[in-house]
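Written below as structure tokens is the structure these notes are about.
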Amino acid sequence: MRIGDAKQSYEADEAIWKSSTQKVWFAVLLLVLAVFPFMADAYLLYLGCMVGIAVISTTGLNILTGFTGLISLGQAGFMGVGGYTVAWLSANSALPFPVTLLLAGLLAAAVGILVGLPSLRVKGLYLAIATLAASVFLHFIFAEWESVTGGMGGLSLEPAHLFGLSFQSDFEMYFIIVPLAVLMVFGATNIFRTRTGRAFIAIRDRDISAEILGINLLRYKLMSFALSSFYAGVAGGLFAYFYRVVTPESFPLSMSIFYLAAVIVGGMGNLLGGILGAAFMTLIPEALKLLTAALTPFYPNAPIFMSPMLEIIFGVLIVGFLIFEPHGLAEIWHRIRRFFSLWPFKN
Amino acid sequence: MFKSILNKSRRLVGIGSMAAALAAAAPVMAQDKEPIVFGGSIPLSGVFAFAGVHLHAGLTDYTTWVNSEGGINGHPVKYVMEDTGYEVDRSVAAFKKITGSNKVPVYYGDSTGFMKTIASELNSRGTTLMSGASFATALTDNEQYPYQFIPGPNYSQMFGIILEYIATQGKDGDMPTVAFVYSDTEFGKDPVENGKAKAAEMGIKVVEEIVTKPGSVDVSAEILKLRRVRPDFVVFHGYVLSPINEFMVQMRQMGLDTQFMGTFWSSDKLIINKMGADADGYMGVMPYNYYDSAESGPMLDALRATAEKSDPDAGYRPTGYMQGWFNAMVWTEVVKRTMDAGKELTAENMAESLASIENWDTGGIIGIPVTVKDMSFPVGRIWRVNAKEARYEPVSDWIHLD
Chain A
88 MRIGDAKQSY EADEAIWKSS TQKVWFAVLL LVLAVFPFMA DAYLLYLGCM
138 VGIAVISTTG LNILTGFTGL ISLGQAGFMG VGGYTVAWLS ANSALPFPVT
188 LLLAGLLAAA VGILVGLPSL RVKGLYLAIA TLAASVFLHF IFAEWESVTG
238 GMGGLSLEPA HLFGLSFQSD FEMYFIIVPL AVLMVFGATN IFRTRTGRAF
288 IAIRDRDISA EILGINLLRY KLMSFALSSF YAGVAGGLFA YFYRVVTPES
338 FPLSMSIFYL AAVIVGGMGN LLGGILGAAF MTLIPEALKL LTAALTPFYP
388 NAPIFMSPML EIIFGVLIVG FLIFEPHGLA EIWHRIRRFF SLWPFKN
Chain B
55 MFKSILNKSR RLVGIGSMAA ALAAAAPVMA QDKEPIVFGG SIPLSGVFAF
105 AGVHLHAGLT DYTTWVNSEG GINGHPVKYV MEDTGYEVDR SVAAFKKITG
155 SNKVPVYYGD STGFMKTIAS ELNSRGTTLM SGASFATALT DNEQYPYQFI
205 PGPNYSQMFG IILEYIATQG KDGDMPTVAF VYSDTEFGKD PVENGKAKAA
255 EMGIKVVEEI VTKPGSVDVS AEILKLRRVR PDFVVFHGYV LSPINEFMVQ
305 MRQMGLDTQF MGTFWSSDKL IINKMGADAD GYMGVMPYNY YDSAESGPML
355 DALRATAEKS DPDAGYRPTG YMQGWFNAMV WTEVVKRTMD AGKELTAENM
405 AESLASIENW DTGGIIGIPV TVKDMSFPVG RIWRVNAKEA RYEPVSDWIH
455 LD
């Protein structure tokens with residue numbers, strides 16, 4: 088049992104690993120992630136990959152909305168930019184996946200900067216509408232710029248490749264998606280140990296005060312948009328490689344709402360919250376299906392009645408979180424940790 | 055005498071017992087064989103649920119029926135499905151889950167998006183043949199989608215059938231004019247280019263082309279465009295109901311005598327139920343006989359009897375039900391042909407069996423024998439709404455495209 092973390096320097100206070108216990112648990116987590124694909128069946132592997140992509144995109148949106156306080160409904164559009172970039176490069180070049188993904192992220196970041204320009208004048212709901220407009224505009228480009236995007240029919244992709252290796256199956260894609268997700272979450276964690284990350288938080292807490300403190304709002308707001316879009320672009324690129332097809336309907340508005348809900352349910356302004364939110368939003372609809380499976384042997388018509396019910400249960404769960412746990416899943420996780428940090432000596 | 059009667063009775067009882075034992079044993083024998091699994095990503099919730107529940111009912115009832123007939127070559131059929139909410143990622147998850155825990159030779163896909171997305175996996179696995187709710191033209195590209203087929207004509211072929219019918223409606227040697235109205239979606243745009251090419255080939259002039267959002271939208275400006283060109287026929291595609299009803303009502307109010315036509319998903323009773331008398335005269339292309347049509351045939355009768363038995367209160371069964379049933383019928387035929395040829399149930403072998411279907415009698419589900427061409431059944435008939443009877447009636451013969 089740990090009884091305290093006495094920090095004797097600023098470096099210790101800013102350390103990613105506050106204690107050796109954390110390092111051990113993180114190592115265990117990495118081990119579990121590494122072993123998982125060898126133990127899981129095709130279905131669980133698929134879900135693992137889906138969660139990985141969702142974690143990257145949600146982390147990106149969390150940087151923008153959770154840490155900088157700039158609401159965005161354009162995440163699916165930015166993912167689309169990444170997805171189409173990878174698809175186009177896959178068809179027109181022999182670049183390996185690390186390069187295509189990087190270019191997907193950079194192009195999405197460039198688009199993110201453009202979309203972020205209104206954030207200098209508007210915020211809150213107005214910014215949400217501005218990003219929504221950008222999302223509609225991007226969707227229009229995906230559907231109509233036929234020579235590049237393939238129009239409504241979209242584009243098919245060759246599998247991701249590197250040094251002659253082809254990543255085709257979910258098992259192979261897992262070893263691209265999950266390490267990248269870990270790396271990008273780690274990167275985001277580091278951002279918030281720097282001046283840039285602190286500037287984002289200062290803008291979220293009160294932008295006028297932040298400006299008085301010497302933070303250049305133009306620079307940091309656009310930087311936040313760029314970073315967030317970069318994450319979305321990479322997630323979109325992975326999405327494209329994973330499904331090997333992109334169409335305008337691959338990146339609907341509901342996808343942006345999905346990621347926003349993941350940030351809110353997980354806990355805004357908390358990277359762990361983004362991860363938990365992404366996992367929750369991806370896995371709960373699947374987990375709820377177990378209810379149907381359990382009922383079907385006794386009541387063959389259960390799928391017909393349960394399917395709409397599950398949508399309602401899912402919605403109620405989200406609303407329940409907002410009402411009873413506004414700090415999201417991350418807060419629940421922190422409470423569990425606090426409980427065990429004193430266990431079994433707590434009254 | 056009494057002894058002789060007793061002996062005869064005993065003999066009869068003996069024969070009866072043997073027959074009963076055999077009858078009882080037959081299903082047991084069938085059960086002993088490995089089941090053939092029909093898998094499905096089914097949209098029981100979400101925006102396509104209005105059709106999904108009927109597709110599911112059609113697939114379920116067909117499975118019941120085929121098992122009551124002894125299964126496929128003695129193999130019982132098991133239908134395993136999951137709800138997808140009509141979302142591609144959930145459809146893929148359902149596919150992975152079902153194919154991960156079962157050997158699935160045939161599978162129902164709930165959307166074009168899903169069927170395109172899963173194609174690369176389907177091609178690399180080579181174990182499963184797929185069809186589903188989609189009639190997308192792209193899916194009949196055998197290079198890209200060798201293991202997917204369309205359980206009817208694809209959307210371009212539906213336009214072809216409609217245009218064949220329109221070509222017969224000219225007066226005084228003039229070809230009628232036509233306008234295409236379609237939604238701004240992949241679904242809506244699917245047959246338009248091929249439709250225009252076919253119309254040009256047949257000498258039918260496409261006088262207007264209108265793209266709208268699907269659903270209830272203000273179409274006044276578009277109707278004014280149509281008023282200017284006064285087409286003899288307007289062909290809708292990419293909608294289920296709205297804005298077809300707005301176009302029809304407003305154009306008729308303007309005194310235009312244009313006739314209105316639609317494709318599979320906009321040719322069900324919904325249009326009659328929602329529009330009432332205003333739906334009168336609307337025409338649709340349909341590859342299957344309607345549930346309440348005057349047609350009959352052994353399979354169509356079996357379908358009606360099974361539907362009646364499974365849910366006596368349901369009454370009319372929509373076209374989705376017919377589509378689900380017909381999908382499963384084709385799967386059965388394909389699996390049976392592959393087994394009869396002594397081949398393994400691989401996607402390639404089953405695709406070959408499908409391609410071998412020629413002049414196949416569907417027992418009244420489709421009114422003429424059908425032949426598979428480019429992984430589709432390019433056949434259909436034009437039906438017109440009789441609003442007073444609240445049903446569709448045939449106005450053309452069955453049209454089989456070459």
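Chains A and B, in that order, give the protein sequences.
The numbers in this note's numbering rise by one with no breaks, and the one at position 263 of the first sequence is 350.
The numbers in this note's numbering rise by one with no breaks, and the one at position 245 of the second sequence is 299.
Backbone N, C-alpha and C define an ideal beta-carbon position, used for all residues, glycine too.
Being a predicted model, the structure only gives us computed values, none of them experimental.
Interface residues of chain A facing residue i [CB-CB closer than 7 angstroms]
i                 : result
GLU136 of chain B : LYS376
THR171 of chain B : TYR330 and VAL332
LYS150 of chain B : ALA129, TYR130 and TYR133
VAL107 of chain B : ILE391
LEU98 of chain B  : PRO390, ILE391 and SER394
Distance, residue j Cα to residue i Cα
i                 : j                 : result
GLY154 of chain B : ALA389 of chain A : 22 angstroms
ARG358 of chain B : HIS108 of chain B : 14 angstroms
SER176 of chain A : ALA163 of chain A : Sequence check: residue 176 of chain A is Leu here, not Ser. So the two alpha carbons sit approximately 20 angstroms from each other.
VAL131 of chain B : VAL142 of chain B : 26 angstroms
GLY335 of chain B : VAL439 of chain B : 5 angstroms
LYS87 of chain B  : TYR199 of chain B : 31 angstroms
THR461 of chain B : MET337 of chain B : Limits of chain B in this structure are 55 at one end and 456 at the other, which puts residue 461 of chain B out of reach.
ILE126 of chain B : LYS259 of chain B : 49 angstroms
LEU408 of chain B : MET429 of chain B : 7 angstroms
ALA78 of chain B  : SER122 of chain B : Because ALA78 of chain B carries a pLDDT of 44, less than 50, the predicted location of this residue cannot be relied on, and no value is offered for it.
ASP365 of chain B : LEU270 of chain A : 55 angstroms
LEU190 of chain A : PHE229 of chain A : 18 angstroms
PRO431 of chain A : PHE92 of chain B  : 53 angstroms
ILE140 of chain A : LEU148 of chain A : 13 angstroms
LYS48 of chain B  : PRO372 of chain B : Look at the range of chain B in this structure, 55 to 456, and you will see that residue 48 of chain B is not part of it.
ALA381 of chain A : VAL424 of chain B : 41 angstroms
Neighbourhood of residue i by C-beta distance below 7 angstroms, restricted to the same chain and skipping five residues each side
i                 : result
LEU375 of chain A : LEU397, ILE400 and PHE401
ALA73 of chain B  : Low local confidence applies: a pLDDT of 44 at ALA73 of chain B is under 50, so the model's placement there is unreliable, and no value is given.
LEU252 of chain A : none
Selection from the options that minimises the alpha carbon distance to residue i
i                 : options                                   : result
LEU278 of chain B : B:VAL294, B:ASP394, B:GLU300 and B:THR181 : B:GLU300
GLN377 of chain B : B:GLY330, B:ILE220, B:ALA111 and B:GLU412 : B:ALA111
PHE234 of chain B : B:GLY434, B:TRP414, B:VAL388 and B:ALA253 : B:ALA253
GLN211 of chain B : B:PHE318, B:VAL91, B:ASN343 and B:PHE380  : B:PHE318
TYR446 of chain B : B:VAL389, B:GLU276 and B:LEU324           : B:LEU324
ALA349 of chain A : A:SER106, A:PRO339, A:ALA365 and A:ALA102 : A:ALA365
VAL173 of chain A : A:LEU212, A:LYS308, A:TYR330 and A:TYR130 : A:TYR330
THR146 of chain A : A:PHE273, A:PRO384, A:MET342 and A:SER106 : A:PHE273
ARG69 of chain A  : A:LYS308, A:ILE264 and A:ALA127           : This structure cannot speak to residue 69 of chain A, because chain A is shown only from 88 to 434.
ILE288 of chain A : A:PHE154, A:ALA129 and A:ARG424           : A:PHE154
TYR171 of chain A : A:ALA93, A:SER243, A:ALA268 and A:GLN109  : A:SER243
SER337 of chain A : A:THR379, A:VAL168, A:LEU249 and A:ALA247 : A:VAL168
VAL202 of chain A : A:GLU233, A:LEU132, A:MET126 and A:ILE158 : A:ILE158
GLY351 of chain B : B:GLY421, B:VAL426 and B:PHE189           : B:GLY421
ILE453 of chain B : B:ASP367, B:GLY206 and B:ILE326           : B:GLY206
LEU225 of chain A : A:PHE165, A:PRO266, A:ALA275 and A:ALA127 : A:PHE165
MET137 of chain A : A:PHE392, A:ASP257, A:ILE278 and A:HIS414 : A:ASP257
8 angstroms Cβ shell around residue i - same chain, five flanking residues per side excluded
i                 : result
LEU304 of chain A : LEU207, ILE290, ASP294, ALA297 and GLU298
LYS328 of chain B : LEU295 and ASN299
ALA75 of chain B  : Confidence at ALA75 of chain B is low in this model, with a pLDDT of 44, below 50, so its placement is unreliable and the value that follows should be read with caution. Once the five neighbours on either side are set aside, ALA75 of chain B has no close Cβ partner at all.
Beta-carbon proximity list for residue i, same chain, < 6 angstroms, skipping 5 on both sides
i                 : result
GLU247 of chain B : none
GLY192 of chain A : PHE317, GLY320 and VAL321
TYR97 of chain A  : none
LEU370 of chain A : none
Neighbour list for residue i in chain B, Cβ cutoff strictly below 7 angstroms
i                 : result
GLU336 of chain A : GLY167 and GLU240
Contact list for residue i against chain B, beta-carbon separation under 8 angstroms
i                 : result
GLY240 of chain A : ALA192 and GLU240
Under 9 angstroms from the C-beta of residue i: neighbouring residues of chain A
i                 : result
HIS110 of chain B : PRO390 and ILE391
Contacts of residue i in chain A (Cβ-Cβ under 8 angstroms)
i                 : result
ALA147 of chain B : TYR130, TYR133, LEU134, MET137 and GLU373
GLY139 of chain B : PRO372, SER394 and GLU398
LYS243 of chain B : GLY238 and MET239
ASP143 of chain B : MET137
LEU217 of chain B : Ordered by position in chain A, no residue passes the 8 angstroms Cβ test against LEU217 of chain B, which lies about 22 angstroms from the chain.
Cutoff 8 angstroms: residue i Cβ touching any chain C Cβ
i                 : result
GLN255 of chain A : Although the question refers to chain C, the structure presented lacks it and instead comprises the protein chains A and B.
Inset, instruction - Check whether the region 307-316 of chain A touches the region 110-120 of chain A, counting contact only when three or more Cβ pairs, one atom from each stretch, lie closer than 8 angstroms. - result: The region 307-316 of chain A is not in contact with the region 110-120 of chain A.
Inset, instruction - For the region 111-121 of chain B and the region 164-171 of chain B, state whether three or more C-beta atom pairs, one from each stretch, are separated by less than 8 angstroms. - result: Remark: fewer than three beta-carbon pairs, one from each stretch, lie closer than 8 angstroms, so the region 111-121 of chain B and the region 164-171 of chain B are not flagged as touching.
Legend entry - Inter-stretch contact at 8 angstroms, needing at least 3 Cβ pairs: the region 220-240 of chain A / the region 320-330 of chain A: Flag = no, the region 220-240 of chain A and the region 320-330 of chain A do not touch.
Inset, instruction - Would you check if there are 3 or more beta carbon pairs closer than 8 angstroms linking the region 194-209 of chain B to the region 349-366 of chain A? - result: Here the region 194-209 of chain B does not lie against the region 349-366 of chain A, with fewer than 3 beta-carbon pairs under 8 angstroms apart.
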